[in-house]
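Chains A and B supply the protein sequences, listed in that same order. When you line the first sequence up against the numbering used here, it's residues 2 to 64, in that order. When you line the second sequence up against the numbering used here, it's residues 23 to 196, in that order. Glycine included, every Cβ here is placed at the ideal spot set by N, Cα and C. The structure displayed is predicted, hence computed values, not measured ones.
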Amino acid sequence: MTAFIFPDLGPYAVEVLSAYAGTLALLLILVAGSVWQGRKTRIRLEEFEARRTAKRQKSTENL
Amino acid sequence: MVYDVGRLAGLGHSPPPCQRPRSQGRSPRWDGVYADRPVHRRGLGATHVGHMVGMGPKIDRIFDPFLFYLGYMALWAAVENPDTAADLTAVLCLVGTVFAVISRYAILFWNQGLHQGASLSMDAEENVADVFAYPLWICIIGFGLLFICLVLLRTRTEIRARRLSALIAQERMA
Numbered sequence: 002m003t004a005f006i007f008p009d010l011g012p013y014a015v016e017v018l019s020a021y022a023g024t025l026a027l028l029l030i031l032v033a034g035s036v037w038q039g040r041k042t043r044i045r046l047e048e049f050e051a052r053r054t055a056k057r058q059k060s061t062e063n064l
Numbered sequence: 023m024v025y026d027v028g029r030l031a032g033l034g035h036s037p038p039p040c041q042r043p044r045s046q047g048r049s050p051r052w053d054g055v056y057a058d059r060p061v062h063r064r065g066l067g068a069t070h071v072g073h074m075v076g077m078g079p080k081i082d083r084i085f086d087p088f089l090f091y092l093g094y095m096a097l098w099a100a101v102e103n104p105d106t107a108a109d110l111t112a113v114l115c116l117v118g119t120v121f122a123v124i125s126r127y128a129i130l131f132w133n134q135g136l137h138q139g140a141s142l143s144m145d146a147e148e149n150v151a152d153v154f155a156y157p158l159w160i161c162i163i164g165f166g167l168l169f170i171c172l173v174l175l176r177t178r179t180e181i182r183a184r185r186l187s188a189l190i191a192q193e194r195m196a
């Protein structure tokens, strides 16, 4: 197995590496934001449905 | 992960620009990568005048859809009713789709000799070298998979959000 040799980017090192870092940061923000928003919505929906179900059971018991 | 593997592979195969010969001779690592075009002899789209002229159309082709996407998000945020916003942005989306195709082929329509050719083409006459093509294909596949995952994830989130707002509205009505 050959070791990963970091390439010599010459005078373009700053541009290339900053482009890689920027792309990676944007992708991480996009993925993390989507996952966080999805999780938040799922928890809110589950809480609301649980509350609603409890409320309905309570009103059925009162009848 | 596939996308990151492709990016790393692409970085690993980056040719050292400072070590590339300026003469007409081809470096073995650059065989088949438009090495016979003056625009690319000095690396990363630089020309004899030192500008990124060769990269211009490519950057422009990415920048135009980016502006369209900003407009899409602005229009969606500007309209209060989500259904009306969806209708209006759908029209903009159709216009953007047509524009994307026009922007793709505009380079061929008004080719003035400065533009870089297609990196991936089905004809065997002019193709990018394998050391660049394989990472590129891995990146394309990885980004496609990431796109599908995000679309499914965000669609599920949107369905749940709509269900939640419908349940809240139902409760208020009762």
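Considering only residues of the same chain and omitting the five flanking positions on each side of Ala188/B, which have a CB-CB separation below 7 Å? Around Ala188/B: no qualifying Cβ.
Looking at the secondary structure, which residues open and close the alpha helix (DSSP H) in which Gly164/B lies? Per DSSP, Gly164/B is one residue of the alpha helix (DSSP H) stretching across Asp152 to Met195.
For Cys161/B, is the classification buried or exposed, using 16 other Cβ atoms within 10 angstroms of its Cβ as the cut-off for buried? Residue burial annotation: Cys161/B is buried, with at least 16 other C-beta atoms found within 10 angstroms of its C-beta.
One question on the structure: do Val101/B and Leu110/B come within less than 8 Å of each other, judged by their Cβ atoms? Result yes, Cβ atoms of Val101/B and Leu110/B sit closer than 8 Å.
Using a Cβ cut-off of 8 Å, which residues of the segment 34 to 52 of chain A contact any Cβ in chain B, in chain order? Correct list: Ser35, Val36, Gln38, Gly39, Thr42, Arg43, Arg45, Leu46, Phe49 and Glu50.
Assuming Leu174/B and Thr42/A make a contact with CB atoms under 8 Å, what is their CB distance in whole Å? Contact flag wrong, Cβ pair sits at about 14 Å.
Please classify Asp9/A: does DSSP put it in a helix, a strand, or coil? Asp9/A falls in the coil class under three-state DSSP.
Sequence-distant residues of the same chain with beta carbon closer than 8 Å to Glu16/A, five excluded per side: Excluding positions up to five away in sequence, the list is empty.
Rounded to whole angstroms, what's the CA-CA distance from Pro157/B to Gly164/B? Just pull it up for me. If I take the Cα positions, the gap works out to 10 Å.
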